[in-house]
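Undergrad: There's a structure below that I have some questions on.
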Amino acid sequence: MVRFVMVYFDDFLIYSPSLKSHLEHLRAIFNTLWREQLYVNKKKCKFLTNIVAFVFGFIVSVYGVQADRSK
Numbered sequence: 000m001v002r003f004v005m006v007y008f009d010d011f012l013i014y015s016p017s018l019k020s021h022l023e024h025l026r027a028i029f030n031t032l033w034r035e036q037l038y039v040n041k042k043k044c045k046f047l048t049n050i051v052a053f054v055f056g057f058i059v060s061v062y063g064v065q066a067d068r069s070k
């Protein structure tokens, strides 16, 4: 089984090796959320980015996970 999402409470981190697989992963996630009648806050969503701040002050990027130095 291939894993491509990390969930922490209401935060999702979806990671993929290519744009094509990322779009497939997004579709799978959104289909699951729709089936379970769960919704996302569009204002909190960021799509197609190579770097993101994640829970507890971590920065996740194509280079790995690092502590956010500003915290």
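Position one of the sequence shown corresponds to residue 0 (numbering that gives the first Met the number 0), numbered consecutively onward. Glycine is no exception: its CB is placed at the ideal position from the N, C-alpha and C atoms. Just so we're clear, the structure is a prediction, and the values are computed from it rather than from any experiment.
Less than 8 Å between the beta carbons of F53 and A66, yes or no?
TA: no
Undergrad: If you follow the alpha helix (DSSP H) that S20 is part of, which residue opens it and which one closes it?
TA: Here the alpha helix (DSSP H) through S20 covers L18 to R34.
Undergrad: Could you check which residue in F11, R2 and V61 has the C-alpha nearest to that of K41?
TA: Per the Cα distances, F11.
Undergrad: If we call anything under 8 Å between Cβ atoms a contact, is S45 one with V39?
TA: In the sequence under discussion, the amino acid at residue 45 is Lys, which differs from the Ser named in the question. Cβ distance not < 8 Å, so K45 and V39 don't count as in contact.
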